[in-house]
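Each protein sequence line maps, in turn, to chains G and V.
Using numbering that gives the first Met the number 0, read the first sequence as starting at 0 and increasing by one per residue.
Using numbering that gives the first Met the number 0, read the second sequence as starting at 0 and increasing by one per residue.
The structure appears below as structure tokens.
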Amino acid sequence: MIELTFPLSDAAVRDLKVGDPVSLYGTMVTGRDAAHKWLIDTFIKKTRTPQGDDAQAIEALTPLLKGGAIYHCGPVVAGLDTKQYRFVAAGPTTSIREEPYQADVLQHFGIKAVIGKGGMAARTLAACQSVPAVYLHAIGGAATLIAQTVTRVVGVHKLDFGVPEALWVIEVKAFPAVVTMDSHGHSLHAEVEAQSRAALDRLLKA
Amino acid sequence: MRDLTNDILELIRRTSTDLPPDVEQALGAARQRETQGSAARGALDTILENVTLARRDSSPICQDTGTPIFIVRYPAGWSTRALRAQIREAIAQATKKAYLRPNAVDSLSGKNSGNNLGDDTFPTIHFEEVEGKTLTIDLLLKGGGSENVCAQYSLPHTGLGAGRDLEGVRRVVLDAVHQAQGQGCAPGVLGIAIGGDRGSSYMASKEALLRPLDDVNPDRALADLEARILRETNELGIGPMGFGGKTTVLGVKACGLHRLPASFFVSVSYMCWACRRRRMIADGDAVRYSDRSDP
């Protein structure tokens, strides 16, 4: 088990290989569909002008994302009434939906780790090589277990996106994941896809 | 007519936080099959630990508590309007108690309603009047990751060499599972409907997911098809979470529907390993819950 504490150095990222089990520590930011579209439209492509508290949010998030981690997660959160937030259930969501955005978001903010489930495709894999960055696969559905590794909810941005889609800043301790896409161009997902394709072809010939 | 709101709240709590024993058992058996030290085995270890923690702490197994799908079978004398109001109230309360995540998003404005209540289709509620005096409510919490990899085929399908017969069904289902890879949180459960129109076919494939994993289809041909698809999907090697491994699918449940001469649909509903289902049975004043939805 390799322990990783955010922010990560380039050297730490380069040391990671597909198949390595990792245990995560430090600060990470959740962000999924609405967050990625917001980051791209407002701050990268700039097709949308910043509105409301956008400027404030990005100022707080930018230093956290530099060398940091974005976690594809829409949590169940308790304490919404009192703002004494607590993560109750917080497993990963399917990452492939962010494929159109992820490479640009990684490059723009210097993010070193994407945490999610199901893996991502060629553009993200290429960005993992150039940034460098890694894709860390959390266990889908293991939501109560992962929530118990969240030691503190530091804050939340863009809560107007709704609880699942907001960007939550959290501190974690011993968050379990596996490297499935590394910074050397290897992807476990591409490998399993190819092997299962060959198996499917055999079964359809029968 | 008594108010069932609190009983339905308890149905939701159980469904979200307490995985049915047949599913847990299938996950345990899958764990034994995977090689020690493999990512697949590690994934199943984490999954099984999570199932235990969620039950102990009464917290959601998965943060995506999904679309709540209720199937209500009521004897004469019950008001479906009152039952709908009670179900909706229980959903809002369950969301407040963090048994459910607020999941109802207005597709046009993008606004999350915050209490899991949307229009009449969210939560989904089906009513059917039945004989006798017993009211049953089945609940399935169907997550979005697995919903996104569901597939519907119109046969014949030239690319897959699938004709209008059970061999054709087998071929398209294998394709659907290959396409899903690990995205639907494998190892999953497959609900398959053969026939119907596009709408009834998908609905029947979802209802098939209510069957316990260890039951046997009373139709011999469908029982054989289920067994063969279970064996062959596991030969694909996609494995838990798509990490590669021996278990890709935990169970296969198929049914047939009448169809038009012109149409032959096959609907494949993919349910994640967190196959969250429960039945509530109200008999007079007595309410009980069952892990099994078979009669």
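We put the CB at the ideal spot given by N, CA and C, even for glycine.
Treat the numbers as computed from the prediction; the structure is a model and nothing was measured.
- The region 142-169 of chain G contains, as complete alpha helix (DSSP H) runs of 4+ residues, the segments 142-146 (chain order).
- In its chain, beyond the 5 residues on either side, L154, R163 have a beta carbon closer than 6 Å to the beta carbon of V:F263.
- At the C-beta level, G:T29 and G:L166 come within 8 Å of one another.
- When DSSP states are grouped into helix, strand and coil, V:H156 belongs to the strand group.
- V:Q180 belongs to the set of residues whose beta carbon lies under 8 Å from a beta carbon in chain G.
- Going by C-alpha positions, V:M0 is about 7 Å away from V:W77.
- Just so you know, the alpha carbons of G:F5 and V:L52 end up roughly 27 Å apart.
- Using a Cβ distance threshold of 8 Å, V:L165 and G:L203 do not count as a contacting pair.
- Proximity of G:K116 to chain V, defined by a Cβ-Cβ separation below 8 Å, is satisfied.
- Interface with chain G (8 Å Cβ-Cβ cutoff): V:H177 is included.
- In the three-state DSSP reduction, V:R163 falls in the coil class, being neither helix nor strand.
- When DSSP states are grouped into helix, strand and coil, V:Q151 belongs to the strand group.
- Within chain V, the residues whose beta carbon sits less than 9 Å from that of G:T92 are Q62, D63, G143, G144, listed in sequence order.
- Taking a beta-carbon distance threshold of 8 Å, G:G30 does not count as an interface residue toward chain V.
- With 16 or more neighbouring CB atoms inside 10 Å of its own CB, V:Q182 falls in the buried class.
- The CB of G:I138 comes closer than 7 Å to the CB of A42, T45, I46, M240 in chain V, given here in chain order.
- In the three-state DSSP reduction, G:S186 falls in the strand class (E or B).
- G:E97 and G:T123 have their C-alpha atoms spaced approximately 9 Å apart.
- Annotation for V:P74: the continuous beta strand (DSSP E) segment containing it runs 66-74.
- Beta-carbon to beta-carbon, G:G90 and G:I145 are separated by about 5 Å, close enough to satisfy the 8 Å threshold.
- The region 100-108 of chain G and the region 65-80 of chain V do not touch, with fewer than three beta-carbon pairs separated by less than 8 Å.
- Bounds of the beta strand (DSSP E) holding V:L138 are 133-141.
- The beta carbon of V:L47 is closer than 7 Å to those of L26, G27, R30 in its chain, skipping five residues each way along the sequence.
- Sequence-ordered contacts of the region 177-196 of chain G with chain V read V177, T179, L187, H188, E190, V191, E192, Q194, S195, R196 [C-beta pairs closer than 8 Å].
- Per DSSP, the beta-bridge partners of V:E128 are V:Y73.
- Annotation for V:R40: R30, E33, T34 place their beta carbon closer than 7 Å to its own, counting only its chain and skipping 5 residues before and after.
- Per DSSP, reduced to three states, the secondary structure at V:D282 is strand.
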